[in-house]
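**Student:**
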Amino acid sequence: MYDDLSPQDKAKYVCALRAAEFVKSGMKVGLGTGSTAYWLVKHLGQSVRNGELDIVAVPTSTRTKEQAIEEGIKVVTLDEAGWLDITIDGADEFDADFSLIKGGGGAHLQEKVVAMASDQMIVIADASKRVETLGKFPLPIEVLQFGSDATQKLIANLLVAQGYQGIEITCRMAGDAPFVTDEGNFILDLHMGQIADAKALASAINQIPGVVENGLFIDICSAVVVGNADGSVRMELKSGADVEVRQMMGDTNENLFSVIES
Ligand code: 5RP
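Residue numbers for the sequence shown follow the working numbering, beginning at 9 and rising by one.
1. Which residue comes first and which comes last in the beta strand (DSSP E) that contains Gln128?
2. Excluding the 5 residues flanking Val151 on each side, which residues of the same chain have their C-beta closer than 7 Å to its C-beta?
3. Which whole-angstrom value describes the C-beta separation of Met35 and Ile81, a residue pair presumed to lie in contact below a C-beta threshold of 8 Å?
4. Quick check: does the Cβ of Asp190 come within less than 7 Å of any heavy atom belonging to the ligand 5RP?
5. Taking the alpha carbon of Val131 as the point to measure from, which residue in Val232, Ala208, Arg57 and Glu79 has its own alpha carbon closest?
6. Mapping DSSP to helix, strand and coil, what is Tyr21?
7. Return helix, strand or coil for Val267, following the three-state DSSP convention.
8. Under 7 Å from any heavy atom of the ligand 5RP, does the C-beta of Thr85 make it?
9. Please classify Asp134 as buried or exposed, where buried requires at least 16 other C-beta atoms within 10 Å of its C-beta.
10. Tell whether a beta-carbon distance below 8 Å holds between Ile149 and Leu198.
11. From this set, Asp103, Ile163 and Ser126, which residue's C-alpha is nearest Ile175's C-alpha?
12. In or out: Trp91 buried (at least 16 other Cβ within 10 Å) or exposed?
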């Protein structure tokens, strides 16, 4: 099956496989949303069904919840879990500080709530998600449906006040109608190009009353596990500790060792 995957899916598959090793029996686990998190849920589901892993999980979207249940993973709400040992999720972009843009799948509100209620958040991503400066991927802002046009104007004014000129803001669509999140809100995508000061922007945007949550994750992620199409995975910790590069799939000779770079 792995051999039939596209190069990008191979990269997603292997980073999810490596990150699944962080999940141990007895843990309460936050499950991200998206095409990379999909593989994580698959890997965890397989271990649960084999009887190797006993966990409870808090999914970050209806989509992930349905998949986790199908995989045989015990699903609870965040309030039932109370606090989580670990959350593993994808990202649309990550930079050298492990600041993220999330929300490409429209689930960043629940994803942020779940990640922040976790001892640690690990991001899984293929190498294309690494950027020098956040902002090429449109920044998702979840807003109330009520007064969303006014909220959009307030966001546009804020961007100008922060020195961003000519930024296009689009309402995310699902066919002919606006996309509606699991929480019943709309998403505005901000086509920033480059975000000069992500922390300042994130906190200013969240001051606008109609804004529910922005897709910038600052100081939340503690490690990134980056997958490559050749089956190798590079794991980096925010602490600046050693980087681990391991061949997860592909050339079986290389499967036998892992390389530690400092
Ligand atoms: C969903 C997200 C996803 O994690 C993000 O969009 C990455 O998705 P994918 O793994 O499909 O590239 O933030 O809201």
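Even glycine gets a Cβ: it sits at the ideal position worked out from N, Cα and C.
**Tutor:** The relevant details are as follows:
1. Numbered from its first residue, the sequence shown carries residue 128 at position 120. Counting along the chain, the beta strand (DSSP E) containing Gln128 begins and ends at Ser126 to Asp134.
2. For this step, residue 151 is matched to residue 143 along the sequence shown. Excluding residues within five positions, the ones whose Cβ falls inside 7 Å are Thr159, Asn193, Phe194, Leu196, Gly218, Val219 and Val220.
3. Taking the first residue of the sequence shown as position 1, residue 35 is located at position 27. Taking the first residue of the sequence shown as position 1, residue 81 is located at position 73. Between the beta-carbon of Met35 and that of Ile81 there is about 12 Å, and that puts the pair past the 8 Å contact cut.
4. In the sequence shown, the residue the question calls residue 190 occupies position 182. Not under cutoff, so the answer is no.
5. Counted from its first residue, the sequence shown places residue 131 at position 123. Ranking Val232, Ala208, Arg57 and Glu79 by CA distance to the CA of Val131 puts Val232 first.
6. Taking the first residue of the sequence shown as position 1, residue 21 is located at position 13. When DSSP states are grouped into helix, strand and coil, Tyr21 belongs to the helix group.
7. Walking along the sequence shown from the start, residue 267 turns up at place 259. Per-residue confidence for Val267 stands at a pLDDT of 46, beneath the threshold of 50, marking its modelled position as unreliable; no derived number is given.
8. Counting from one through the sequence shown, the residue named residue 85 turns up at place 77. With a threshold of 7 Å, the Cβ atom of Thr85 does not count as near the ligand 5RP, since no heavy atom of the ligand is closer than that.
9. To locate residue 134, count along the sequence shown from 1; it is residue 126. Label assigned to Asp134: buried.
10. As a working note, residue 149 is residue 141 in the sequence shown. As a working note, residue 198 is residue 190 in the sequence shown. Yes. Within cutoff.
11. The residue given as residue 175 occupies position 167 in the sequence shown. Ranking Asp103, Ile163 and Ser126 by CA distance to the CA of Ile175 puts Ile163 first.
12. Locating residue 91 in the sequence shown gives position 83, counting from the first residue. Exposed.
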